[in-house]
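Residue numbers for the sequence shown follow the numbering used here, beginning at 11 and rising by one.
Each residue gets a CB set at the ideal place from its N, CA and C atoms; glycine is no exception.
Since the structure is predicted, the reported quantities are computational estimates derived from the model, not experimental observations.
The next block holds one structure in the form of structure tokens; read it before the comments.
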Amino acid sequence: MSDTRPGQSFGLFPRLAIAFVAVALAAIVVVALLTFAAARAQIASFAESSRTSTAEFIGAALESAYAEAGDWREADLTPAVTLAAAAPATLQIVATDGTVVADPGLAMNNMMASMHGGDAGPLGDPRPVSLSVDGAPIGTATLRFPADELPGGEAQLLAALGRTALLSAVVAALVALVAALLVAQRITRPLRTLATAARRFGAGDPAARVDAVAAGEIGEVGAAFNRMADVLARRARQQRELAGTVAHELRTPTAILQASLEALLDGVEQPSTEQLASLHDEVLRLQRNIADLESLSAAEAAELTLMLATTNLASVATGAASALAPQFASGDVTLRTVLQDVDVQADADRLRQVVTNLLANALKFTPAGGDVTLSTRARDGDAELSVADTGVGIPADDQERVFERFWRGRNAEGVGGRGVGLAIVVELVRAHGGAVTVISQVGRGSTFFVRLPRSR
């Protein structure tokens, strides 16, 4: 991140910017050097070709002058000497008999220096040109160009190209710097947003989330953070609710125990079998409440302890139905099963607890002579388990709350239980990646549906 905190070294933003600029500069320097080297090679090749052409042109001028005069003594060498000085190059002419017709003495060096400014400098290797008229040799002209690889004009052109390349490199580097800053900013901005949300969440703000910060991997990180924050917030809420529920459920029996025991200790009442039995009932009530709370807590943490395996939903349903068959018989409620084999990835023990709680709930609210139907089937790519009863039904305005912990509807009066069975069902099914729904009509019964992903 670009903001520096204690113990934090160089931030990501400057590191990304420096890295981008360094890569861009390296590429620009390499391209500039290669371009400059290629241009230098091309200009040097052109200069060499130009010098070769100059030598040939001077040779042709000397042959023409000799042909017009008939010999070297009368030949007009001025045009050739002037061309050589302009090249610039020194010129020596030697006849076939070895006589030096023209020598590159001080006068020619002075002419080269005056035409090109300053000293002519060191000379390169001799370039002999054979001279002939009508096929007969008349002598040799030897030219010596400056030792520099490039003549003045070509050197100036190369220097201009170098300056242009340098200027282009500077401009490209500035453009690369701006682009690097923009790209680094685009990358680090969502990360800074994510870091800010994480710090807020860590500081106790449960609503801290990140919007769709970016596409791709960074967006996936943001979505993962939101999911994690949702889970942690839900856990914290569940802990608060559980603490409140524990206090609520334990307050009444402990108050009764306290009042009765204080009355006995103060001598207000004398111990009796009936009173001791009442106190014992309250202790049993406490134990049942604690057991229910333990079951609910285990269900809420089930996603952490599930032993997943390929499980036949119909087999689990059969086991749960068989275990509850005596209770259905004693309540004069007919239990029917319509089971289709369908595999799910599930914890068989937790799944059996789901079926058991649904059947027990149906039995409580179905009067004698009624029916409960347990079904399993494959539906729309999922596995579905349903428990349908012909009981009292659930009012429409109560159906949204039927899965809340410790909630008991208007039709639950006179029916045992503490309202945790369906809450446990919801938590266990949710831990398996499924969902629970209910359809009910007062006076005609209810049907609970459990949808689970099928095993592939």
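Same chain, Cβ closer than 8 Å to residue i, neighbours up to 5 away in sequence not counted
i      : result
Val41  : none
Phe459 : Glu394, Leu395, Ser396, Val446, Thr447, Val448, Ile449
Ala246 : Pro216
Asp135 : Arg154
Pro89  : Ala71, Ala75
Ala79  : Ala85, Asp86
Terminal residues of the beta strand (DSSP E) in which residue i lies
i      : result
Glu9   : The structure shown does not extend to residue 9, since the chain spans only 11 to 466, so no value can be given for it.
Arg154 : 146–154
Gln102 : 100–105
Arg219 : Taken as a continuous stretch (DSSP letters only), Arg219 belongs to no beta strand (DSSP E), as it is neither H nor E.
Arg466 : Run containing Arg466: none; DSSP gives neither H nor E here.
Thr347 : 344–349
Reduced DSSP category for residue i - H, G, I as helix; E, B as strand; rest coil
i      : result
Thr283 : helix
Ala213 : coil
Arg461 : strand
Leu384 : strand
Ile404 : coil
Gln451 : strand
Val354 : strand
Val33  : helix
Ala85  : coil
Ala112 : strand
Arg137 : strand
Thr320 : strand
Ala97  : coil
Val412 : coil
Val278 : coil
Ala378 : coil
Ala70  : helix
Ala265 : helix
Exposure label - residue i; buried when at least 16 CB within 10 Å
i      : result
Pro200 : buried
Thr447 : exposed
Thr386 : buried
Glu272 : exposed
Val180 : exposed
Leu141 : buried
Thr106 : exposed
Thr109 : exposed
Phe56  : exposed
Gln268 : exposed
Cβ-based neighbour list, residue i, same chain, cut-off 7 Å, excluding 5 preceding and 5 following
i      : result
Gly455 : Ala398, Asp399, Thr400, Gly401, Gly403
Ala77  : Val143
Continuous alpha helix (DSSP H) stretch holding residue i: start and end
i      : result
Val436 : 431–441
Ala327 : 323–340
Among the options, the one whose alpha carbon lies nearest that of residue i
i      : options                        : result
Arg137 : Ala330, Asp144, Thr150         : Thr150
Gly444 : Val436, Ala37, Leu462, Ala75   : Leu462
Gln337 : Ala356, Glu304, Asp276, Thr376 : Thr376
Gly431 : Arg360, Arg464, Arg466         : Arg360
Met238 : Ala287, Ile228, Ala218         : Ala218
Leu373 : Gly341, Arg362, Val435, Val348 : Gly341
Ala34  : Val91, Leu349, Val188          : Val188
Leu7   : Val348, Ile28, Ala335, Val343  : Look at the range of the chain in this structure, 11 to 466, and you will see that residue 7 is not part of it.
Val439 : Arg466, Leu316, Leu294, Gly214 : Leu316
Val31  : Ser60, Val193, Arg362          : Val193
Ala433 : Gln451, Val452, Pro147, Glu410 : Glu410
Residues of its chain near residue i, where Cβ-Cβ distance is below 6 Å and the 5 sequence neighbours each way are ignored
i      : result
Leu296 : Pro263
Leu116 : Because Leu116 carries a pLDDT of 45, less than 50, the predicted location of this residue cannot be relied on, and no value is offered for it.
Thr321 : Val354, Ala356, Ala358
Any C-beta of chain B under 7 Å from that of residue i
i      : result
Ala175 : The question asks about chain B, but that chain is absent: this structure has only one protein chain.
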